[in-house]
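If you read the sequences in order, they're chains F and D. Just so we're aligned: the first sequence equals residues 229 to 460 in our numbering. Just so we're aligned: the second sequence equals residues 471 to 1217 in our numbering. Every residue, glycine too, gets a C-beta built ideally from N, C-alpha and C. These figures come from a predicted structure and were not determined experimentally. Heads up: the structure comes next, in structure tokens.
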Amino acid sequence: MDLKISKLSKFYGEDENRVEVLKKVTCEVKEGEICVLLGPSGSGKSTLLNIIGGIEVFEEGEVMLGNRSLHQMSKKGIDNYRRNHLGFVFQFYNLVSNLTVKENIEVCAYLSKKPLDITDLLKTLGLYEHKDKFPNQLSGGQQQRTAIGRALVKNPDIILCDEPTGALDYKTSKEILHLIQTINNKYHNTIIIVTHNQAIKEMAHRVMRLRDGAIIESYQNTTRIAAEELEW
Amino acid sequence: MKALNKRLKRDFKENIGRYGSIIILLIVVIGLISAFFTVGNSAKHTYQTTKAKSNVEDGQFIVEEAIEDSFIQTLEDDYNMTLYQDYYIDYIKDTITYRIYNTRDQVNKATIYQGYLPSKDNEIALDRIFCMNQGLAINDIITINNQDFIISGFVALSDYSSLFKNNTDLMMDTHTFSVAIVSDAGFKLLNQETITYKYSYVFNQDNLSEKKQRETASDLATTLYKQGITLSSILVSFDNQGIVFFIEDMGSDVPMMMALYGIFVVIIGFVFSIIIRSTVESEANMIGTLLASGYSKFQLMEHYLTLPVFVTCIGVIFGNICANTFMIDVFRTVYYSAYSLAPMQFHLNYVMVAFTSLLPIGLIVIINGGYLFRVLGMTPLRFLRKDVRKHKKRKYRKLPNVSFMNRFRLRVIIQNKASFIVLFAGIFFASFLLMFSLALTPMFRNFIDEINKSSIPNYQYILKKPIEYQQVEKFNLVSLEFDNYYTSDMMEISIYGIENDSSFYPEIDTTKDGIYLSEGVLKKTNKKIGDSITFYHPYLENKYQFEIVGICDYPSSLVGFISREYFNRSFDKSEDYFSGYFSDQKLDIDEKDRSTVITKEDVAAAGQQAISTFSQMTPLLMIASILVYLVVLFILSKVVIDRNALNMSYLKIFGYTNKEVRNVYLTSTLLVVALSLFISLPFIYVGLICVFEFVFMGLNSYIKFNLPMYLYIEIVAIGFVTYFVINLLHVRRINKIDMNDALKDRE
């Protein structure tokens, strides 16, 4: 399903403190694309991601997933939208600390009528040996892979990644990006990555650059670089 | 530190539900305990002051006929004592017994509670509690022996501070028994043929040891026997329930209340410990930063202990204020509706105020100080990494192959095992208290039912001298004593000799030369059929040994049965000797010929009295236990929710509905509550057996321990209702958890 955003505005605060954090943003991400959202802190990229994720509401504009409008969905409809169509990957992994790797993935498998095979997924993620470990027994990379597995297990239409390599070292970051690319190739999910890291744009199908709540640049990569070849 | 301590006020405000509920619980429990001790202390003081003023007897004996003055003088000289005539008449009207004394101005003097002592022949003073229970007021008229008496006053007699009609009675009887005082002229208007010749004695020498007093009483009994005087009973004041029961009852309550209070305080200490653990875990980054910045371990210990100690102090201060203002009235009412005491002057029990105040503060500092001392000894780095667990690596526990949701719940239970262990302890403690308070009434009701169902005759007439009646079953009776296996006290047993073809006890085989004992005697002596048992004469040195050949149906009492023929042989009586008649019908036996009439209702009345006495304590215990349920459940389940708030936020982001989130976290708590309730039951059963065995073992009666099934259901139902009340609060709390919380917490 394609994601279409048109004239999306988002405000924080009221009266004289009212700040427009997204200014009539319009963009489109095609099904199966990797889209990288770049921009400095405060540019509105995480807010845009949260709106796409149905976590934050917006005042003006429209967000369409396929032919369904987010604006017209009830609270329950939004819950179902997240449940059935989205997967989330966060900078700090946000794993449930008292569940094992496998159980963290099962958290989202539980929500899906047709989840991916967890054993296969664990092997794909390189986590099979660690499936019975708790998050505090894992490295950052392993934790992020678990988070990716949790997002992927529902086989969602869109995976939203908020700074997925922000807390990782260079080598591990590349491994995670490689994994994201592998997943995209294998399962064809749309993946939206919010990042500060300019280098990551090279692996994307589509790149958008935000500044002060507005998209200042949007283009498609004609040639993409494999994640393991990225340098920064 | 000053700046850091500013957050304590904020923490208190933010968690006012948590701290407020602990404060309320502390106020109620400390209030109840402190009030109990203050009133107990005051009542004890009042009792002792009155006892000293009233010249209470050191002992008493009852004889069949009045003793000649010359022999009284001999006894006084021989035993260095002063003997007082303390005659009384038991007047029975309907179910009520009035024990009427002549003016008592020398021994066992009356304390006037309201009104005045009788001076005219038509005036009577009655016991205060009896009048209260019967709704009698001063100037009301009661008719005794066809004479109208005006109630001139309410009195408390120091030898009847506990209203026992007979010294061997199981319970006080404040509803159908009253002591009364009339003037000398009034006493003469009563039926003189029914006088009980009671003599009270006071030793001329103070501070005689208990041993010496007992030896003197035994010697006195022998002297009276040798003089040919028929002694009905002799009693030293140490064994007189009317005199000592109050003090013994108070004494036995104190360790139990102290133990309950101690357990309660330990539970509250651990509740604080769970709160502190959870706070330390959630504030690990801040603690790490402070330690790294130069704060010492002890400064942080002081910081984290301040709020629990402050909350406890508030509870202690207000608890003691409530205790010594209005709560004392609750206990005063309890005491004054059970015991016949003079008006009470309050005396603060400083030792107990210190105990109720320092124990909780001390235990909270020790329990939590210990934890903080250990945990704050870790390096700042471990705090900064949020690695504050005792064991660095969480141990993987393989869970049973159940659905994911059930495994998720099990993980929540394992994660919060410390909270749930304290929760179990709280539920067990509250259920135990609740079961104890609820069990008393059915147990005594069962006691009454068993008596009513049993084959005990409706009337047992004990005669002063043998009078022949046609077609009425004769029996022989003697009161002996046996050794209580558990308490080593001497207990009284009634041994009946019955006819060979007794219509009341057909199951007893009178052809055997052996004794049938009631279940109560077997329990208290730890004997079984086939064993031999020795009984002792209460006043002489005679011993009687019997072989136990069976158990008889005489519930709740301490009795033995043998054949009349064997009885007369064993006790050196003539072949045709008998003591009285069993009958299901009322017999027309002249009062002057009969010594006592024991009715089935008399036996059952003890149970009824026990129900009314204990029923006053039941609501207090119920309130205390339900409060423990509510507070412990609320705080600990809230800790579980607070600890997992971020995880709940994640789940909501992933698409879990509020109901599904609640299903994971609240159902985990529900599982623990349900398990705690059910697992507690057998332990409560065993615990109560021990408690009741201890409570009932010394009674001159046998009360079977039984907990009806409906009590278990009630306990579980109360537990679940409490859980669901708390659950409603948590449902709102979980629904309010915002998804943005997960996005804000990015550390």
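Looking at the strands, I want to know which residues DSSP matches up with residue 256 (chain F). Taking the first sequence and counting its residues from 1, the one referred to as residue 256 (chain F) is at position 28. Residue 256 (chain F) is bridged to F:232.
How about the segment 771-787 of chain D and the segment 671-685 of chain D: do they share at least three Cβ pairs that are nearer than 8 Å? no
Excluding the five sequence neighbours on either side, which residues of its own chain have a C-beta within less than 6 Å of the C-beta of residue 877 (chain D), listed in chain order? Position 407 of the second sequence, counting from 1, holds the residue named residue 877 (chain D). Excluding sequence neighbours, residue 877 (chain D) sits near 869.
Can you give the Cα-Cα distance for residue 339 (chain F) and residue 1181 (chain D), rounded to whole angstroms? Translated into positions along the first sequence, residue 339 (chain F) becomes position 111. Translated into positions along the second sequence, residue 1181 (chain D) becomes position 711. Residue 339 (chain F) and residue 1181 (chain D): Cα-Cα distance of roughly 43 Å.
Can the beta-carbon of residue 393 (chain F) be found less than 8 Å from the beta-carbon of residue 405 (chain F)? Taking the first residue of the first sequence as 1, we reach residue 393 (chain F) at position 165. Taking the first residue of the first sequence as 1, we reach residue 405 (chain F) at position 177. Taking 8 Å as the Cβ cut-off, residue 393 (chain F) and residue 405 (chain F) qualify as a contacting pair.
Looking at the structure shown, is residue 573 (chain D) part of a helix, part of a strand, or coil, going by DSSP? Locating residue 573 (chain D) in the second sequence gives position 103, counting from the first residue. In the structure shown, residue 573 (chain D) sits in coil (DSSP, three-state: anything other than H, G, I, E or B).
Between residue 311 (chain F) and chain D, is any beta-carbon pair separated by less than 8 Å? The sequence position of residue 311 (chain F) within the first sequence is 83, counting from 1. By this cut-off, residue 311 (chain F) is an interface position.
What residue range is occupied by the uninterrupted beta strand (DSSP E) comprising residue 595 (chain D)? Here residue 595 (chain D) refers to the residue found at position 125 when the second sequence is read from its first residue. Start and end: 593-597.
Option nearest residue 1007 (chain D) by Cα separation, candidates D:994, D:951 and D:741: For the purposes of this step, residue 1007 (chain D) is taken as residue 537 along the second sequence, with counting starting at 1. Closest option to residue 1007 (chain D), Cα to Cα, is D:951.
Which residues in the same chain as residue 907 (chain D) place their Cβ atom closer than 6 Å to its Cβ, once the five residues preceding and following it in sequence are excluded? Within the second sequence, numbered from 1, the residue matching residue 907 (chain D) stands at position 437. Around residue 907 (chain D): 1088, 1091 and 1092.
In three-state terms, what does DSSP make of residue 306 (chain F)? As a first step, residue 306 (chain F) is located in the first sequence; it is residue number 78 there, counting from the start. Helix.
Residue 1071 (chain D): CB within 7 Å of a non-hydrogen atom of the ligand NAP: Judged by which ligands are present, the structure shown has none, so any question about the ligand NAP falls away.
Cα separation between residue 570 (chain D) and residue 650 (chain D)? Here residue 570 (chain D) is taken as the residue at index 100 of the second sequence, counted from 1. Here residue 650 (chain D) is taken as the residue at index 180 of the second sequence, counted from 1. C-alpha separation (whole angstroms): 5 Å.
Using CA atoms only, rank isn't needed, just tell me which of D:1046, D:587 and D:760 is closest to residue 575 (chain D). Along the second sequence, one-based indexing puts residue 575 (chain D) at 105. Residue 575 (chain D) has its Cα closest to that of D:587, out of D:1046, D:587 and D:760.
Kindly provide the ranges of any alpha helix (DSSP H) runs that are 4 or more residues long and lie completely inside the segment 1008-1068 of chain D, ordered along the chain. 1034-1040
Tell me where the beta strand (DSSP E) around residue 946 (chain D) begins and ends. Counting from one through the second sequence, the residue named residue 946 (chain D) turns up at place 476. First-last of the beta strand (DSSP E) with residue 946 (chain D): 943-953.
Residue from D:523, D:591, D:818 and D:580 whose Cα sits closest to the Cα of residue 507 (chain D): Against the second sequence, residue 507 (chain D) aligns to sequence position 37. The shortest C-alpha separation from residue 507 (chain D) is found at D:818.
To be precise: take each residue of the segment 872-894 of chain D, compare its Cβ to all Cβ atoms of chain F, and keep it if any distance is under 8 Å. Which residues remain? 874, 875, 877, 878, 881, 882, 884 and 885
Residues of the segment 294-307 of chain F whose Cβ lies closer than 9 Å to any Cβ of chain D, in chain order: 304 and 307
So what's residue 678 (chain D) in DSSP terms, helix, strand or just coil? Looking up residue 678 (chain D) in the second sequence gives position 208. The answer is coil: DSSP assigns residue 678 (chain D) none of H, G, I, E or B.
In whole angstroms, give me the CA-to-CA distance for residue 427 (chain F) and residue 439 (chain F). On the first sequence, position 199 is the one that residue 427 (chain F) refers to. On the first sequence, position 211 is the one that residue 439 (chain F) refers to. Cα to Cα, residue 427 (chain F) sits roughly 18 Å from residue 439 (chain F).
Should residue 747 (chain D) be labelled buried (16 or more other beta-carbon atoms within 10 Å of its own) or exposed? Reading the second sequence from its first residue, position 277 is the one you call residue 747 (chain D). So residue 747 (chain D) counts as buried.
Under the rule that 16 or more other beta-carbon atoms within 10 Å means buried, what is residue 367 (chain F), buried or exposed? Position 139 of the first sequence, counted from the start, is the residue given in the question as residue 367 (chain F). So residue 367 (chain F) counts as exposed.
Applying a beta-carbon distance threshold of less than 8 Å, which residues of chain D neighbour residue 331 (chain F)? Start at 1 with the first residue of the first sequence, and residue 331 (chain F) comes out as number 103. The answer, in chain order, is 874, 877, 878 and 881.
Could you tell me whether any Cβ in chain F is nearer than 8 Å to the Cβ of residue 1124 (chain D)? Counted from its first residue, the second sequence places residue 1124 (chain D) at position 654. Yes - at least one Cβ of chain F is within 8 Å of the one on residue 1124 (chain D).
According to DSSP, is residue 554 (chain D) helix, strand or coil? Taking the first residue of the second sequence as position 1, residue 554 (chain D) is located at position 84. Residue 554 (chain D) falls in the strand class under three-state DSSP.
Got a sec: which bits of the segment 835-856 of chain D sit with their beta carbon under 8 Å from any beta carbon on chain F, in order along the chain? none
Which whole-angstrom value describes the C-beta separation of residue 851 (chain D) and residue 758 (chain D), a residue pair presumed to lie in contact below a C-beta threshold of 8 Å? Position 381 of the second sequence, counting from 1, holds the residue named residue 851 (chain D). Position 288 of the second sequence, counting from 1, holds the residue named residue 758 (chain D). Confirmed, about 7 Å.
Just confirm the distance between the C-beta atoms of residue 619 (chain D) and residue 594 (chain D), as a whole number of angstroms; I'd bet it's less than 8 Å. For this step, residue 619 (chain D) is matched to residue 149 along the second sequence. For this step, residue 594 (chain D) is matched to residue 124 along the second sequence. Cβ-Cβ separation between residue 619 (chain D) and residue 594 (chain D): approximately 4 Å, consistent with a contact (criterion under 8 Å).
Since residue 1140 (chain D) meets chain F, which of its residues come closer than 8 Å, beta carbon to beta carbon? On the second sequence, position 670 is the one that residue 1140 (chain D) refers to. The premise fails here: residue 1140 (chain D) is roughly 18 Å from chain F at the closest Cβ pair, so nothing lies under 8 Å.
Contact check, residue 673 (chain D) vs residue 550 (chain D) under 8 Å by CB: the rounded distance? To locate residue 673 (chain D), count along the second sequence from 1; it is residue 203. To locate residue 550 (chain D), count along the second sequence from 1; it is residue 80. Contact holds; Cβ gap of about 7 Å.
Ordered along the chain, which non-local residues of its own chain (more than five positions away) have a Cβ less than 6 Å from that of residue 1217 (chain D)? For the purposes of this step, residue 1217 (chain D) is identified with residue 747 of the second sequence, where counting begins at 1. Annotation note: pLDDT 47 at residue 1217 (chain D) (below 50); position unreliable, coordinate value reported separately. So the list is empty, once near-sequence residues are dropped.
Cross-chain neighbours of residue 1117 (chain D) in chain F, by beta carbon under 7 Å: Taking the first residue of the second sequence as position 1, residue 1117 (chain D) is located at position 647. Those within 7 Å of residue 1117 (chain D) in chain F are 324.
Secondary structure at residue 455 (chain F), three-state DSSP: helix, strand or coil? Working through the first sequence from its first residue, we reach residue 455 (chain F) at position 227. Here residue 455 (chain F) sits in helix by DSSP.
Compare the Cα-Cα distances from residue 384 (chain F) to each of F:397, F:419 and F:458 and report the closest residue. Counting from 1 along the first sequence, the entry for residue 384 (chain F) is found at position 156. Residue F:419 is the option with its Cα nearest to residue 384 (chain F).
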